[in-house]
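What follows is a single structure, written as structure tokens, with notes after it.
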Amino acid sequence: MLQKIRERAQGAVAAAIILLLCLTFLLWGIESYLNQARTVAVAEVNGDEIELSQYEQSFQRMRQRAQAEQGDGFNAELWTTEDTKRKVLNVLVEERLGEQLMASQRMRISDRQLVDFIEHTEAFNEEGKFSAARFKQVAQSLGYPDSGFEAQIRNDLLLQQLRSGVALSAFASKNEALALAQLLDQKRDVGFALIVPAALTTITPTPAEVSAYFSAHEEDFRVPEKVSLEYLELKLDDLKAAVVVDEAALEAFYEAHKPQYTTAEERNVAQVLVQVKKDAPPAEVAAAKVKAEALRALIVAGQPMAQIAKASSDDLGSRADGGATGFFPRGVMAPEFDDAAFALNVGDLSQPIKTDFGYHIIQLTAVHPGGPRPFALARADVALAYRAEQAETLFFERAEQFTEAVNEHPDSLAAAGEKVQLQPKSADLLTRKEIDERFASAVSAAVWEPEVLNEGLASAPIELGPNRIVAVRVTAHEVTKIPALEAAKEDIIERIRQARVRQDVAARGEAVLARLKKGEPVAALMTAEKLDWTQIKGAIRTATDLNREVARAAFREPLAGPDAVAYLGVTLSTGAYAVVEVSHLLLANTAGLEARKVTAIQRDAERSRAIAAWRDFLDELRRSGKVTITAKNL
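Numbering (this note's numbering), first residue to last: -9 to 624.
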């Protein structure tokens, strides 16, 4: 319809049509659009909405993180499933529940804590020091503006603080650890025989069986709807790579942003602390001061500061190092400590200084002067920041041009691309899931709009995060269909063979298992069934000569006592069926168990309980709150 309007509308007629369309859109369309945009939520947590855009950004970040961590082992198909989408949404719901609780309890992360975490995170460092450019680069790679990234880190630290508090409630006693050690290190005699599947080629389904299977499982073979796409994509990262860098521009940028490449002065001191509580009685405070003055007198008299600190300092963190604090900038220590440290010259010894921790005697040992890093040393950071700034400026210019070009040429992305110096790309025959995986669900939603799917028009530009915009046009469309029987025949034959083999193996295994349970001698039964029996005396859970799945089942099977015997059957991942005998339970002797092993078991138990406690805590938050999931919007 829109195509016909463009072809036929001319002059005054065109103007009238456009005016009417604009008035209609202004009076109804905009309001409808904005209302819809405000109400598109995928969940509501105690009245607080989680918007679709928030979900999509989080989904993409989690997917990118998984891909980076798993490398070649990354399973892209897994990220197209409804189960994964729901898991991502559950993470957001649980984060929101935690945020609401922390807000109600007025929990917070101070600016100093946030800065300290950021400055000491390796991912944000270059040459062993914090790099603002590197921080910005990481933020952009995850789709955050700088302030948004800081807010997310602050929020993550708060959640970590909350989780740590919950974890403190999970503990395991030494006796529990010893009991676990008995179970973990127990031994059992394990015997087993494997019944393996027959060769699949020996099974030939009849045409009638193939036809019947197809009729009963037609939907399993349905080919999903597919589209081929032409698309324009504007990405900040592509623009960064295209930025031309020359030395003059970098040096000018460096001069204009020199504060970003300036390091603060840092000082290293040795200290002796005489500890006294902040709210201690005056007599205790006075006694602490007298002791501090006496220790200072010893140092003035010639005794080494390090020797006094090791013998008399109450600061456990620095005592072993002779009182050395390590280098620190202003703002890290207590204000009184800071003022004294930054007023001293190298070698000077302070008077006793009172802080909330007690009385400190400080000696300045070294200074790292602050000031701008030389351009040569900062060049790599400068280049990153320069590229990012130039690319951002260009991105916002191009984004506006991109929108105008697509709107002007909705039937030709090639023409639109010329205006923004972009070449259209293509993607052949993608399903809705594959579009979600490659782009985002917002793109698949746009593709299935009638004018895009059926009329050959481009979608409106779609923002996929703050640094990526795409517009798509459908070039081919294949509707969903059930293939002819002949096309699915080989797949059906394979499925029937697999099912029959599994049935045959399980039936034979269960028959052998039943005879063992009735008391038939193992050796005679194995001979009759032409099976090989493997017997392992005193097997442990991690035995390398025992099939892992068999071992897991054997040690899961309850035994009433040391002389008890149990028989069980296990279907293995290979398709084989294991008939298993478990006997002669021997609990581990923990009398001579090394203390460090008991401690390790205790810590493992506490970690497991901490995870379970956190899970229970989140479940309780969810039960006591009101959470509504709108799955249809995913």
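A virtual CB, placed ideally from N, CA and C, is assigned to each residue, including glycine. Small disclaimer: the values here were computed from a predicted structure and weren't measured.
| Item | Value |
| --- | --- |
| Which residues DSSP lists as bridging arginine 463, in chain order | Glu220 |
| Beta carbon of glutamine 50 nearer than 8 Å to that of glycine 455 | yes |
| Cβ neighbours of lysine 507 in the same chain (closer than 6 Å, five flanking residues each side left out) | Tyr557 |
| Cα-Cα separation between glycine 446 and proline 214, rounded to whole angstroms | 20 Å |
| Residues bridged to lysine 471 (per DSSP) | Val213 |
| For tryptophan 438, three-class secondary structure by DSSP | coil |
| For phenylalanine 161, the three-state DSSP class (helix, strand or coil) | coil |
| Cβ contact check for the region 248 to 261 and the region 358 to 365: 3 or more pairs under 8 Å | yes |
| Proximal residues to alanine 435 (C-beta, below 7 Å), its chain only, five neighbours per side dropped | none |
| Glutamate 571 beta carbon less than 8 Å from that of valine 491 | no |
| Neighbourhood of isoleucine -5 by C-beta, 6 Å cutoff - its chain only, sequence neighbours within 5 removed | Residue placement at isoleucine -5 is poorly supported in this model, since its pLDDT is 27, which falls under 50; the coordinates are not used for a value here. |
| Residue interval of the beta strand (DSSP E) (run including leucine 624) | Per DSSP, leucine 624 belongs to no beta strand (DSSP E) and is neither H nor E. |
| Cβ contact check for the region 216 to 232 and the region 416 to 428: 3 or more pairs under 8 Å | yes |
| Among Ser121, Val464, Arg586, Leu104, nearest to proline 440 - alpha-carbon criterion | Val464 |
| Opening and closing residue of the beta strand (DSSP E) in which serine 598 lies | First-last for serine 598: 585 to 614, but that is the alpha helix (DSSP H), not the beta strand (DSSP E). |
| Classification of glutamate 84 by the beta-carbon crowding that lies within 10 angstroms, buried from 16 upward | buried |
| Contact check, tyrosine 221 vs alanine 368, beta carbons under 8 Å | no |
| When Ile452, Gly551, Thr618 are compared against glycine 37, the one with the closest alpha-carbon | Thr618 |
| Distance between glycine 528 and alanine 578 (C-alpha atoms, nearest Å) | 11 Å |
| Where valine 280 sits in the DSSP three-state scheme | helix |
| Inter-residue Cα distance where the pair is leucine 104 and glutamate 140 | 8 Å |
| Contact the region 191 to 211 vs the region 471 to 480: 3+ CB pairs below 8 Å | yes |
| Supposed contact pair threonine 355 and phenylalanine 327 - C-beta distance, whole angstroms, cut 8 Å | Their Cβ separation, rounded to whole angstroms, is 15 Å, which puts phenylalanine 327 and threonine 355 out of contact at 8 Å. |
| Residue from Gln127, Glu117, Thr315 whose Cα sits closest to the Cα of arginine 377 | Gln127 |
| Contained beta strand (DSSP E) runs [length at least 3] in the region 370 to 448, N- to C-terminal order | 415 to 420 |
| Candidates Gln488, Leu68, Lys164: closest to valine 588 by CA position | Lys164 |
| 3 or more residues per run - each beta strand (DSSP E) lying fully within the region 251 to 318 | 256 to 265 |
| With 16 other Cβ atoms within 10 Å as the buried cut-off, status of valine 673 | Since the first and last residues shown for the chain are -9 and 624, residue 673 lies out of range. |
| Contact between the region 289 to 309 and the region 260 to 269 (3+ Cβ pairs under 8 Å) | yes |
| Other residues of its chain near leucine 224: CB distance less than 8 Å, five sequence neighbours each side excluded | Phe385, Arg388, Ala389, Phe392, Val410, Leu412, Arg458, Ile459, Val460 |
| Check: valine 396 C-beta below 7 Å from any heavy atom of the ligand MG | In the structure on display, the ligand MG does not appear, and there are no ligands present to speak of. |
| Check whether serine 159 and alanine 550 have beta carbons under 8 Å apart | no |
| Presumed contact (8 Å Cβ cut-off) between valine 156 and leucine 87, rounded CB distance | Rounded, the Cβ-Cβ distance is 13 Å, inconsistent with contact. |
| Separation of alanine 568 from leucine 562, as counted between CA atoms | 7 Å |
| Residues bridged to arginine 458 (per DSSP) | Lys225 |
| Host alpha helix (DSSP H) of glutamine 47 (start-end) | 42 to 60 |
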